[in-house]
Amino acid sequence: MKLSLAAIALLFTSCATAPSSPTSPSSTTIHYVTQAECHPEIPQVDPRDQRMTSPKVVSKVEPVFPEWVRAAREPIDAMVIVEAVIDEQGSVSDVCAYKGDPRLVQVTMDALRQWKFTPGLIDGRPSAFRFTS
520 MKLSLAAIAL LFTSCATAPS SPTSPSSTTI HYVTQAECHP EIPQVDPRDQ RMTSPKVVSK
580 VEPVFPEWVR AAREPIDAMV IVEAVIDEQG SVSDVCAYKG DPRLVQVTMD ALRQWKFTPG
640 LIDGRPSAFR FTS
C-alpha cells in the first residue's frame, strides 16, 4: 500500500529559508494531478482498519525555500499540497503534486523524497501506502 502526504504545506510553511538565486516560474515544470490520479491502486491508511499499521516517520528533511519567498514584499500563496507514496521498505517511492507554486512544490517534493519511514503493515506484512499528513 502507499501512504499519501497531503497538505504538507502547512507543515513546511514555517520552515526556514536559505539564500539561493531566484527561480523563474518558467524554469520549473510540475505535472499536477488530482488525488484520484495519484496511485489509486495503493490504499491510504485507514485508522479504523485494525489490520493496518501505518508507517511512522523515522527521519525527515525540511524543504529549503528560495530567498525570494522570505524577501517578498507582497503576500505569497505558499500553500503546497502533495501526496507521498511510501513503499514496503519505508522509502518515498513517488510524490504527486496537487497544488502550489511550481518553485515551492519542487523544493517540497525534493525534501519529501528524502524522508524515511518504518514500513506500513497490512496483516503483519510490509505494504505500500499513500500518506496524508
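So the sequence shown is numbered by my numbering: it starts at 520 and just counts up by one. Cβ coordinates follow ideal geometry from the N, Cα and C atoms, glycine included.
Task: Sheet register partners of Arg512 (DSSP bridge) - done: The structure shown does not extend to residue 512, since the chain spans only 520 to 652, so no value can be given for it.
Task: Under the three-state DSSP convention, the category Thr627 falls into - done: helix
Open item on the list: Going by C-alpha to C-alpha distance, which of Asp620, Asp606, Gln625 sits closest to Glu560?
Closed with: Asp606
- [ ] Specify, as a first and last residue, the run of the alpha helix (DSSP H) that Glu586 falls within.
- [x] 586-590
TODO: Answer with buried or exposed for Glu593, where buried requires no fewer than 16 other C-beta atoms within 10 angstroms of its C-beta.
DONE: exposed
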